[in-house]
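Here the structure is laid out as structure tokens; the discussion comes afterwards.
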Amino acid sequence: MVDRDARPNYHHLRALDGLRACAVLFVLVAHYGFSTIVPGGFGVTLFFFISGFLITRLLLAEIQGAGSISIGKFYIRRVLRLYPALVVAVALSYGTYAYFQGFVIWKDVAAILLYVSNYYHGIIGFGSAYDPGFQHVIHVGVLWSLAVEEQYYLVFPVLFAFLAPRGPLFLRTLVGIAVACLVLRIVLALHGYGERNYGSTETRIDSILYGAILTTLLAGRNSRAWLEFFTRPLLVGVSLLVLLSTFAYRDTFFRDTFRFTVQGLALMPLVASALFSPSYAWLRRFLEWKPMLLLGAWSYSLYLFHQIALTYAELATGEGYMNGFRSLSVQWYLIAVGGTFALACASYYLVERPFLSLRHRFGSKTS
Numbered sequence: 354m355v356d357r358d359a360r361p362n363y364h365h366l367r368a369l370d371g372l373r374a375c376a377v378l379f380v381l382v383a384h385y386g387f388s389t390i391v392p393g394g395f396g397v398t399l400f401f402f403i404s405g406f407l408i409t410r411l412l413l414a415e416i417q418g419a420g421s422i423s424i425g426k427f428y429i430r431r432v433l434r435l436y437p438a439l440v441v442a443v444a445l446s447y448g449t450y451a452y453f454q455g456f457v458i459w460k461d462v463a464a465i466l467l468y469v470s471n472y473y474h475g476i477i478g479f480g481s482a483y484d485p486g487f488q489h490v491i492h493v494g495v496l497w498s499l500a501v502e503e504q505y506y507l508v509f510p511v512l513f514a515f516l517a518p519r520g521p522l523f524l525r526t527l528v529g530i531a532v533a534c535l536v537l538r539i540v541l542a543l544h545g546y547g548e549r550n551y552g553s554t555e556t557r558i559d560s561i562l563y564g565a566i567l568t569t570l571l572a573g574r575n576s577r578a579w580l581e582f583f584t585r586p587l588l589v590g591v592s593l594l595v596l597l598s599t600f601a602y603r604d605t606f607f608r609d610t611f612r613f614t615v616q617g618l619a620l621m622p623l624v625a626s627a628l629f630s631p632s633y634a635w636l637r638r639f640l641e642w643k644p645m646l647l648l649g650a651w652s653y654s655l656y657l658f659h660q661i662a663l664t665y666a667e668l669a670t671g672e673g674y675m676n677g678f679r680s681l682s683v684q685w686y687l688i689a690v691g692g693t694f695a696l697a698c699a700s701y702y703l704v705e706r707p708f709l710s711l712r713h714r715f716g717s718k719t720s
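Okay, so the sequence shown: first residue is 354 according to my numbering, each after it adds one.
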């Protein structure tokens with residue numbers, strides 16, 4: 354049986370917030386000193402997948418309802434959704450840096466606010482991360498993923514507006530770009546540049562594309578058949594085992610190349626089942642549990658501010674990055690975890706939500 358929500362519409366998928374909570378928990382727990390046992394990078398991959406799925410779903414609903422999409426309003430909605438909290442996070446980060454150092458590295462700030470920090474960080478390096486004159490690092494390196502997403506969404510709505518009305522050509526284009534990303538990763542890895550694959554837009558957007566491909570398949574005339582295919586118990590079980598194997602297999606070439614492809618493909622049946630299959634209603638109940646929904650709602654601010662809280666914990670205790678996360682004290686965890694949630698909640702309720710309410714003036718049907 355196909356859930357009525359599988360086809361594109363503006364109905365809010367509460368379980369998707371629960372998946373966001375899972376994604377941010379992967380990142381937080383890894384950065385709280387457990388990166389050797391928790392794959393924090395997968396949390397970013399899951400964020401990418403969810404983003405591709407949701408944004409494409411909403412755009413498909415818009416084009417089916419109105420016959421076209423407003424690219425200008427799309428960009429305005431993205432700015433209102435992401436920029437206010439980002440500006441606050443950057444001001445807090447570099448305000449702390451300026452307090453201790455007496456100056457601000459403006460090229461760092463510009464790279465973040467212009468959404469090019471993935472290249473700036475990967476090729477040039479953040480001044481605040483590598484400045485030997487400042488003992489305590491202002492951790493903002495996670496913002497590279499925002500750059501990847503926004504570079505993708507700078508182009509995607511234009512591509513969508515042109516190709517989506519042409520049906521199969523849109524899907525073939527998404528698949529073709531995803532394959533091209535894999536090929537490029539392989540070429541770069543074979544020539545000794547595999548380490549750049551993780552944060553470069555042209556080698557990571559397939560993690561977003563797999564989410565877009567899933568929602569496009571569920572939008573077509575064969576939606577029922579595709580959902581029945583993706584939710585077959587055998588396929589779901591194999592996908593889960595394959596996904597878990599990508600965490601355990603540590604070969605450098607695989608991790609720089611095929612890892613993101615395999616994870617993206619494995620997520621398609623897993624996410625489809627979690628969101629739409631009646632057989633996994635028990636999982637949806639967990640994802641729609643109030644604490645998970647709250648974490649999902651706060652996930653963007655948690656992601657933005659958690660490493661700032663780590664900086665404050667490090668400044669207060671001398672522990673953390675500076676000692677390789679060895680022998681972390683209770684005080685460190687109280688400051689790091691408590692600070693993360695205090696900053697994130699303040700950001701969500703005082704910054705994010707007021708601007709989210711403005712998005713409805715520009716066609717937003719969901720928060």
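All C-beta atoms in this analysis are idealised placements derived from N, C-alpha and C, irrespective of residue type, glycine included.
Under the three-state DSSP convention, the category residue i falls into
i: Asp-609; result: helix
i: His-544; result: coil
i: Gly-552; result: coil
i: Thr-693; result: helix
i: Arg-574; result: coil
i: Pro-707; result: helix
i: Val-495; result: helix
i: Thr-398; result: helix
i: Phe-453; result: helix
i: His-659; result: helix
i: Arg-585; result: coil
i: Pro-437; result: helix
i: Arg-367; result: helix
i: Glu-569; result: Checking the sequence, you will find Thr at residue 569 rather than Glu. In this structure, Thr-569 counts as helix in the three-state DSSP scheme.
i: Thr-526; result: helix
i: Ile-308; result: Outside the shown range of the chain, which is 354 to 720, sits residue 308, and nothing can be said about it.
Cβ-based neighbour list, residue i, same chain, cut-off 6 Å, excluding 5 preceding and 5 following
i: Leu-618; result: none
i: Thr-610; result: Arg-538, Ile-539 and Ala-542
i: Gly-396; result: Ala-376, Phe-379 and Val-380
i: Thr-599; result: Arg-612, Val-615 and Gln-616
i: Leu-399; result: Ala-376
i: Tyr-701; result: Trp-651 and Ser-654
i: Ala-531; result: Asp-559 and Leu-562
Cα-Cα separation between residue i and residue j, rounded to whole angstroms
i: Glu-415; j: Gly-394; result: 32 Å
i: Tyr-653; j: Tyr-551; result: 20 Å
i: Ser-632; j: Ala-625; result: 11 Å
i: Leu-640; j: Leu-435; result: 24 Å
i: Gly-547; j: Ala-419; result: 43 Å
i: Arg-574; j: His-364; result: 20 Å
i: Ser-710; j: Arg-431; result: 13 Å
i: Arg-549; j: Tyr-468; result: 17 Å
i: Leu-647; j: Ser-576; result: 31 Å
i: Ala-666; j: Gly-386; result: 13 Å
i: Tyr-602; j: Phe-629; result: 30 Å
i: Ala-689; j: Leu-663; result: 5 Å
i: Ala-514; j: Tyr-450; result: 43 Å
i: Leu-687; j: Val-595; result: 36 Å
i: Pro-392; j: Phe-401; result: 15 Å
i: Ile-458; j: Leu-433; result: 26 Å
i: Leu-512; j: Leu-597; result: 33 Å
i: Arg-410; j: Ala-572; result: 8 Å
i: Gly-673; j: Leu-496; result: 19 Å
i: Leu-466; j: Leu-580; result: 39 Å
i: Leu-369; j: Gly-649; result: 8 Å
i: Ala-464; j: Leu-587; result: 45 Å
i: Leu-412; j: Val-382; result: 33 Å
i: Ala-578; j: Arg-557; result: 29 Å
Neighbourhood of residue i by C-beta distance below 8 Å, restricted to the same chain and skipping five residues each side
i: Arg-585; result: Pro-622
i: Val-462; result: Val-443 and Tyr-447
i: Glu-555; result: Cys-534 and Leu-537
i: Trp-642; result: Gly-371
i: Leu-593; result: Ala-619 and Leu-623
Exposure label - residue i; buried when at least 16 CB within 10 Å
i: His-389; result: It is worth fixing the name first, because residue 389 is Thr in this sequence and not His. Classification of Thr-389: exposed, given that the 10 Å Cβ count is below 16.
i: Thr-605; result: exposed
i: Pro-510; result: buried
i: Gln-417; result: exposed
i: Arg-637; result: buried
i: Gly-333; result: Residue 333 falls outside the range modelled here, since the chain spans only 354 to 720, and no answer is possible.
i: Phe-607; result: exposed
i: Val-441; result: buried
i: His-713; result: exposed
8 Å Cβ cutoff, residue i in contact with chain C
i: Phe-401; result: Here there is only one protein chain, and chain C is not present.
Chain-order list of residues whose beta-carbon lies under 7 Å from that of residue i (same chain, five-residue window excluded)
i: Phe-583; result: Met-621, Pro-622, Ala-625 and Ser-626
i: Val-589; result: Pro-622, Leu-623 and Ser-626
i: His-384; result: Gly-393, His-659, Gln-660 and Leu-663
i: Gln-504; result: Tyr-468 and Thr-554
Any non-hydrogen atom of the ligand PLP within 7 Å of residue i CB
i: Ala-565; result: The ligand PLP is absent from the structure shown, which contains no ligand whatsoever.
With a cut-off of 8 Å, do at least 3 Cβ pairs link the segment 563-573 to the segment 396-409? Contact check between the segment 563-573 and the segment 396-409: three or more CB pairs, one atom from each, fall below 8 Å, which counts as touching.
Below 8 Å, how does it come out for the segment 495-506 and the segment 467-476: are there three or more Cβ pairs, yes or no? yes
Would you call the segment 520-530 and the segment 419-433 touching, i.e. three or more CB-CB distances under 8 Å? no
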